[in-house]
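Scroll down for the structure; my scribbles are underneath it.
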Amino acid sequence: MPHCSQCSHCEDDPGAFERMVPGLGSLSSGYGESKGETALCRRHNMFMIPGPGCTEFEARLAAARTEAAP
Amino acid sequence: MASNQASIESGASVRKGGWSDLYLKEDWWAIWLGLGIVILDVAFFSNGSTLLKSLALNPGGLKWTSFDQLLAHFANNAPTYLMQFAAWLVIFGASCRIMGIKLGEFMPAFVFLYALSMAMFGIAGWANASKYNMEAPLLALLIGLFISNFIGLPKWMDAGFRVEYFVKLGIVLLGATFPISLVATAGPVAIGQAMTISLVTCLTIFFVGTRVFGLDRRMCAVLGVGGSVCGVSGSMAIAASVGAEKEHLYTSVTLVVVWALIMILFLPFISQALGLSAGVAGAWIGTSEFADAAGFAAASAYGKMAGNEEAAIKAFTLMKVIGRDLWIGIWSLVFALISTMVWERKEIGAKPDAGEVWRRFPKFVIGFFVASAFISLMTAGVTPEDMKKTVKPLLLDPLNSLRTWAFIFCFLSIGLTTRFRDLKSVGWKPFLAFTVGVGVNVVLGYVLSVHVFGEYWGKL
Numbered sequence: 000m001p002h003c004s005q006c007s008h009c010e011d012d013p014g015a016f017e018r019m020v021p022g023l024g025s026l027s028s029g030y031g032e033s034k035g036e037t038a039l040c041r042r043h044n045m046f047m048i049p050g051p052g053c054t055e056f057e058a059r060l061a062a063a064r065t066e067a068a069p
Numbered sequence: 000m001a002s003n004q005a006s007i008e009s010g011a012s013v014r015k016g017g018w019s020d021l022y023l024k025e026d027w028w029a030i031w032l033g034l035g036i037v038i039l040d041v042a043f044f045s046n047g048s049t050l051l052k053s054l055a056l057n058p059g060g061l062k063w064t065s066f067d068q069l070l071a072h073f074a075n076n077a078p079t080y081l082m083q084f085a086a087w088l089v090i091f092g093a094s095c096r097i098m099g100i101k102l103g104e105f106m107p108a109f110v111f112l113y114a115l116s117m118a119m120f121g122i123a124g125w126a127n128a129s130k131y132n133m134e135a136p137l138l139a140l141l142i143g144l145f146i147s148n149f150i151g152l153p154k155w156m157d158a159g160f161r162v163e164y165f166v167k168l169g170i171v172l173l174g175a176t177f178p179i180s181l182v183a184t185a186g187p188v189a190i191g192q193a194m195t196i197s198l199v200t201c202l203t204i205f206f207v208g209t210r211v212f213g214l215d216r217r218m219c220a221v222l223g224v225g226g227s228v229c230g231v232s233g234s235m236a237i238a239a240s241v242g243a244e245k246e247h248l249y250t251s252v253t254l255v256v257v258w259a260l261i262m263i264l265f266l267p268f269i270s271q272a273l274g275l276s277a278g279v280a281g282a283w284i285g286t287s288e289f290a291d292a293a294g295f296a297a298a299s300a301y302g303k304m305a306g307n308e309e310a311a312i313k314a315f316t317l318m319k320v321i322g323r324d325l326w327i328g329i330w331s332l333v334f335a336l337i338s339t340m341v342w343e344r345k346e347i348g349a350k351p352d353a354g355e356v357w358r359r360f361p362k363f364v365i366g367f368f369v370a371s372a373f374i375s376l377m378t379a380g381v382t383p384e385d386m387k388k389t390v391k392p393l394l395l396d397p398l399n400s401l402r403t404w405a406f407i408f409c410f411l412s413i414g415l416t417t418r419f420r421d422l423k424s425v426g427w428k429p430f431l432a433f434t435v436g437v438g439v440n441v442v443l444g445y446v447l448s449v450h451v452f453g454e455y456w457g458k459l
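Just so you know, the sequences run in chain order E and X. Going by numbering that gives the first Met the number 0, the residue at position 69 of the first sequence is 68; the numbering climbs one at a time, nothing skipped. Going by numbering that gives the first Met the number 0, the residue at position 245 of the second sequence is 244; the numbering climbs one at a time, nothing skipped.
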């Protein structure tokens, strides 16, 4: 089962998060517990908690596997 | 395509968190460092050593009247300050490196931060500083803002300006001087007051935003929790819960930062004009400020102005940290359930589950409680005379001084990382919805802190 955190569109790195949201590091942190597993899906422009991948990701993964097959 | 496949099938861990949080999250590092310092302090105290007391030196209480006095202080204590600097650099540097922050960026930034902190303490230690309201927290904030907005520092230096890490460490150290009996007796009052205000403010922002201005309900949820519970951290948590867009979080962060700074600068002076006692003002600031770091700056500044910093900080801590911060996970879960079951949001990512309450729980608060219980137990049965002669100067004062260092690092870092030109612009509708909430928050907080529970907070 594909998972969002394996997807190239999923951004959850704490440092990248701080750089992405201006002001986040001024009164909060990407390295704190309150961030939890919060991630940004760049494909859907939506914050989320990574979980089972969406249908688009599944299709992309299947296509990539087919292309890589001998 | 091959690289894409590598990216999507990289074998990255499916579920993050768990045990690795113990060394990857700054909440846990604040606990390890804070409790480590407390245990070391008790060990030195028990052995009659004054090493930690010497190392916890700061020039803030010097009350110098001539510049020569200040220079002489630094000249006489240069080796001690050098050791203290090295100790901070090692513990912060090592922990940040383990969390994934580049040491090459952290170290030069921290050197700058330490030097600037020393200058802030030096200025605040001037005998006439309080006459001109040059309290260290406000001074640090203003000078930090001036440097970041008018002189400019490279952005990579933000790696060393760890606002939240410093304030969390300060809160754990604060726990050591916070009697556990006070937490037990005052906690329920603080929770009751904070919950009332949080609910009213959040619902106000949400309904004004959705019903009056027709804004996206996800944005209003992010704004509502940001303005009522836990500022930027609350906004970030709710953004994930409701599937908010990037612009929603940008808007909330901008509004929280701007309003938090306005309130840091004005609440202490309004409290002074109203003649509020330090405890009452601390409770009011605790219900009005959105962020821990910003609130500590305001409460600490007013406490110094009113001549009772401890009361202001204690009331603020009870109200904000215990009354409001603890509920971030519950708010997150509630909004996740509403967005999934009522709003029928697009299904992406994990479904909400009760574990979210624990995952979002601000763990550093555990360190605060443990430090409070530990020192309360250690000092139980100490006579008032021994407390004054021995325990306070040799056991508690070093912890207070180190806490002051952590807070000054934090207050400077707020200013140094806030670049107004980088903040995203927001529309007037979100601005008004949020501002109405701020107004309700401040007024209701004042009524409850001053008129309903004023007698209670005034006794702190």
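Using N, Cα and C, we set each Cβ at its ideal position, and we do this for glycine too. Every value quoted in this text rests on a predicted model; they were computed, and no experiment measured them.
Handout entry: Beta-carbon gap between residue 51/X and residue 392/X smaller than 8 Å
Key = no
Exercise for the section: Can you check the region 399-444 of chain X for any beta strand (DSSP E) of at least 3 residues that lies completely inside it and give the ranges in chain order? Expected result: none
Handout entry: Chain-order list of residues whose beta-carbon lies under 8 Å from that of residue 2/X (same chain, five-residue window excluded)
Key = Unreliable placement is indicated for residue 2/X, whose pLDDT of 42 sits below 50; the coordinate value is still reported in the next sentence. Answer for residue 2/X: no residue qualifies.
Practice task
Would you kindly report the start and end of the unbroken alpha helix (DSSP H) that includes residue 474/X?
Solution key: Because chain X spans 0 through 459 in this model, residue 474/X falls outside it and cannot be assessed.
Handout entry: CA-to-CA distance, residue 64/E to residue 10/X, given in whole angstroms
Key = Caution applies to residue 10/X, whose pLDDT of 40 falls short of 50 and renders its modelled position unreliable; the model cannot decide the point.
Problem - Chain-ordered residues of the region 34-50 of chain E with a beta carbon less than 7 Å from chain X - result: 34, 35, 36, 37, 39, 40, 43, 44, 45, 46, 47, 48, 49, 50
Exercise for the section: Taking residue 436/X and residue 287/X to be in contact with their CB atoms under 8 Å, please state how far apart those CB atoms are, rounded to whole angstroms. Expected result: With a Cβ gap of about 11 Å, residue 436/X and residue 287/X do not count as contacting.
Exercise for the section: Work out the CA separation of residue 112/X and residue 460/X for me, nearest whole Å. Expected result: The structure shown does not extend to residue 460/X, since chain X is modelled only from 0 through 459, so no value can be given for it.
Practice task
Can you give me, in chain order, the residues of the region 355-366 of chain X that have a beta carbon less than 9 Å from any beta carbon in chain E?
Solution key: 355, 358, 359, 360, 361, 362, 363
Practice task
For the region 331-350 of chain X and the region 50-62 of chain E, state whether three or more C-beta atom pairs, one from each stretch, are separated by less than 8 Å.
Solution key: yes
Problem - Of the residues 372/X, 295/X, 276/X, 400/X, the one placed nearest residue 307/X, counting alpha carbons only - result: 276/X
Practice task
Compare the C-beta of residue 98/X against all C-beta atoms of chain E and say whether one is closer than 8 Å.
Solution key: yes
Handout entry: Which listed residue (17/X, 100/X, 167/X, 151/X) has its alpha carbon closest to that of residue 407/X
Key = 167/X
Problem - Same chain, Cβ closer than 6 Å to residue 410/X, neighbours up to 5 away in sequence not counted - result: 136, 139, 140, 296
Problem - CB contact flag (residue 358/X, residue 36/E, <8 Å) - result: yes
Handout entry: Euclidean distance between Cα positions of residue 418/X and residue 282/X
Key = 29 Å
Problem - Contacts around residue 4/X, its chain only, beta-carbon distance under 6 Å, and the 5 residues preceding and following it disregarded - result: Any answer about residue 4/X is weak, because its pLDDT of 45 lies below 50 and its placement is not dependable; what the coordinates show is given next. Hits under 6 Å: none found.
Practice task
Can you give me, in chain order, the residues of the region 200-220 of chain X that have a beta carbon less than 8 Å from any beta carbon in chain E?
Solution key: none
Problem - CB contact check: residue 235/X to chain B, cutoff 8 Å - result: The structure shown has no chain B; the protein chains it does contain are E and X.
Handout entry: Closer than 7 Å at the beta carbon, the chain E residues around residue 341/X
Key = Within 7 Å Cβ-Cβ: nothing; residue 341/X doesn't reach chain E, min ~18 Å.
Practice task
Indicate whether at least one CB of chain X lies closer than 8 Å to the CB of residue 32/E.
Solution key: yes
Practice task
Helix, strand or coil for residue 9/E, going by three-state DSSP, please let me know.
Solution key: strand
Practice task
State buried or exposed for residue 32/X, treating a residue as buried only when at least 16 other CB atoms are found within 10 Å of its CB.
Solution key: buried
Practice task
Would you mind reading off the limits of the alpha helix (DSSP H) that contains residue 40/E?
Solution key: Not the alpha helix (DSSP H): residue 40/E falls in the beta strand (DSSP E), residues 38-40.
Practice task
Would you identify the three-state DSSP class for residue 283/X, choosing helix, strand or coil?
Solution key: helix
Exercise for the section: Keeping to the same chain, check which residues put their C-beta closer than 7 Å to that of residue 82/X; ignore five residues upstream and five downstream. Expected result: 54
Problem - 7 Å Cβ shell around residue 323/X - same chain, five flanking residues per side excluded - result: 193, 197, 228, 229
Exercise for the section: Mind the definition here: the region 361-377 of chain X touches the region 16-30 of chain X only if three or more C-beta pairs lie below 8 Å; say whether that holds. Expected result: yes
Practice task
Determine the chain E residues that contact residue 239/X at a beta-carbon separation under 8 Å, and present them in chain order.
Solution key: 35, 36, 37, 38, 46, 47, 48
Practice task
Closer than 6 Å by C-beta to residue 104/X: which residues in its own chain qualify, once you throw out the five before and the five after it? Chain order, please.
Solution key: 155, 158
Handout entry: Rounded distance between the beta-carbons of residue 163/X and residue 292/X, thought under 8 Å
Key = 7 Å
Practice task
Grab me the residues of residue 58/E's own chain with a C-beta within less than 7 Å of its C-beta, minus the 5 sequence neighbours each way, in chain order.
Solution key: none
Problem - residue 405/X versus 43/X, 88/X, 38/X, 211/X, residue with shortest Cα-Cα distance - result: 88/X
Handout entry: Which of helix, strand or coil DSSP assigns to residue 205/X
Key = helix
Practice task
Would you tell me roughly how many angstroms separate the C-alpha atoms of residue 178/X and residue 459/X, rounded to the nearest one?
Solution key: 12 Å
Handout entry: Top-ranked residue by Cα proximity to residue 204/X, from 189/X, 190/X, 220/X
Key = 220/X
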